[in-house]
Each structure stands twice: as structure tokens, then as C-alpha cells.
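S.K.: In this text, residue positions in the sequence shown follow this note's numbering: the first is 317, and each later residue adds one.
Heads up, the beta-carbon is just placed ideally off N, CA and C, and yes, glycines get one too.
The structure displayed is predicted, hence computed values, not measured ones.
What follows is a single structure, and I will ask about it in a moment.
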Amino acid sequence: MAFKNRADAAHQLAQRLIRHRGGNPVVLGVPRGGVPMARIVADALGGELDVILVRKIGAPYNPEYAVGAVDEAGTITLTDFGREQAPRDYIQAEARRQIDLIRRRRHLYTPARSPVDLSGRLVIVVDDGIATGASMLAAVRAVRRQNPRELIVAVPVAAPDSLIAIRREVDEVVCLLAPVPLLAISGFYEEFSTVPDDDVTAALSGSVAPAPAT
């Protein structure tokens, strides 16, 4: 096991990013697990926290395997397998279903404010791990369209092949582990329970970040 839990991983990421303290970064968490982690990173760097809403599009007969992802604007990002093997009608129908969920999450997570303006800002996108990379690619492309000054992806663990594609889209990747093979993100955490929506809204509302794991 590499990390005790998400809080431990987030504190390790924050140490790797500490040079950006004082630079007023916007730290974006990918729901759900990435948002409490992004809270820790934002607090450590004196940054601003927000959420970046994307949703995985699962394969027709294996919804846990991502063939693509869709962002809040409805833009679809497909993996090679998704482009070559997934039926177009299925992709469009699943994307619509995920967009509906994104809209519900936006209303739940930030009902009283608009998303943070990313134009000209240093933006750091945080998640608890990257497997196929579809969701992170969708996230960074959505951020890039908003013209940030600099775009960084920060994750504890990722599949090396996915990092190759993501590095083409961003200014920097901070990744603590890139094992070969990567069988499951959860395998690198002692504790990797599902993050409830209440924890996401608490992080976004400014709750105190957990202390480092001991």
C-alpha cells in the first residue's frame, strides 16, 4: 500500500506542489474522491477551491470500464476503444444520461454561486487516481477552453499509458506513482471507501481539511 487514505495522498501531493504557494491557484477537484483531496491541496497552497464536473461513459457491457467521458458543456472525449468499438447511439444516449447527473451535481455542490473564472489563472486539477484517463482528459480539455495561464494535473497514482496522453494536454503532471501494470486505483490505498456527496459539499463549503494521516 502506498497511501493510508486520500487525505494522506493529498498531503503528499501538496508537498510536491508547495512551490505554487502564494500564486493564488485555483484547485479543481474531480468528484467525488478528488474534491476532499483538492480541499487539502488548496488549503496548503493558499488557493481557491472549485469542482470540475465530468462523468465517465462506461462500456456497454462493463460500465466500470471507461470508453469515454463527458464534461459539463456536453463535450465527449472517447478512448481509442470507445472510438473503434462502442456504438455511436450508445455513446450519445449514455452521454445524455451522464450530463443529467452532472447538472444535478452542480445544483447540489454549488447551488449559490457560479463556477470560478479560470481565465488567466494557475489551475491545478486533482483526482485520487487515473486509470484509462478518459475522465481526466475530459476535465483538462474543459479547463483549457477557459484559457488558464497554466494547467497542472496532480494525482497520487496513474497508469503510465494514460499519463502520456494527459501530458500532451497540460503544462505539468505531478504524479507520485505510475506502476506497471496498474490493476486498480484502490489497490494503492489502505482505505478507499466511497466518498459521499455530503463530504464533497463540506469540502467545497470550506470545512477544515483533515490532518495528515499518521
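1. Can you pull the DSSP bridge partners for Phe319?
2. The ligand FMN and Val343: does the residue's C-beta get closer than 6 angstroms to at least one heavy atom of that ligand?
3. Could you tell me the distance, in whole angstroms, from the CA atom of Asn463 to the CA atom of Arg355?
4. Tell me which residues share the same chain as Gln414 and place their Cβ nearer than 6 angstroms to its Cβ, disregarding the 5 neighbours each side in the sequence.
5. Using 7 angstroms as the threshold, is the C-beta distance between Glu466 and Asp487 below it?
6. Per the contact definition of three or more C-beta pairs closer than 8 angstroms, is the stretch 343-362 in contact with the stretch 435-454?
7. With distances taken from CA atoms, which of Leu369, Asn321, Leu479 is nearest Thr426?
8. I need the straight-line Cα distance from Ala323 to Ala474, nearest angstrom please.
9. Using a 10 Å radius around the Cβ and a threshold of 16 neighbouring Cβ atoms, would you call Pro476 buried or exposed?
10. Count the C-beta pairs between the stretch 500-512 and the stretch 348-368 that are closer than 8 angstroms, then say yes if the count reaches three, no if not.
11. Expressed to the nearest angstrom, what Euclidean distance is found between the alpha-carbon atoms of Pro376 and Gln401?
12. Starting from Gly374, trace the alpha helix (DSSP H) both ways and give me its first and last residue.
13. DSSP state of Ile334, grouped into three classes?
M.R.: On the basis of the data shown:
1. Tyr505
2. Looking for the ligand FMN in the displayed structure turns up nothing, as the structure carries no ligands at all.
3. 23 angstroms
4. Arg371, Val386
5. yes
6. yes
7. Leu369
8. 17 angstroms
9. exposed
10. yes
11. 10 angstroms
12. From DSSP, Gly374 is part of no alpha helix (DSSP H) but of the beta strand (DSSP E) over 370-375.
13. helix
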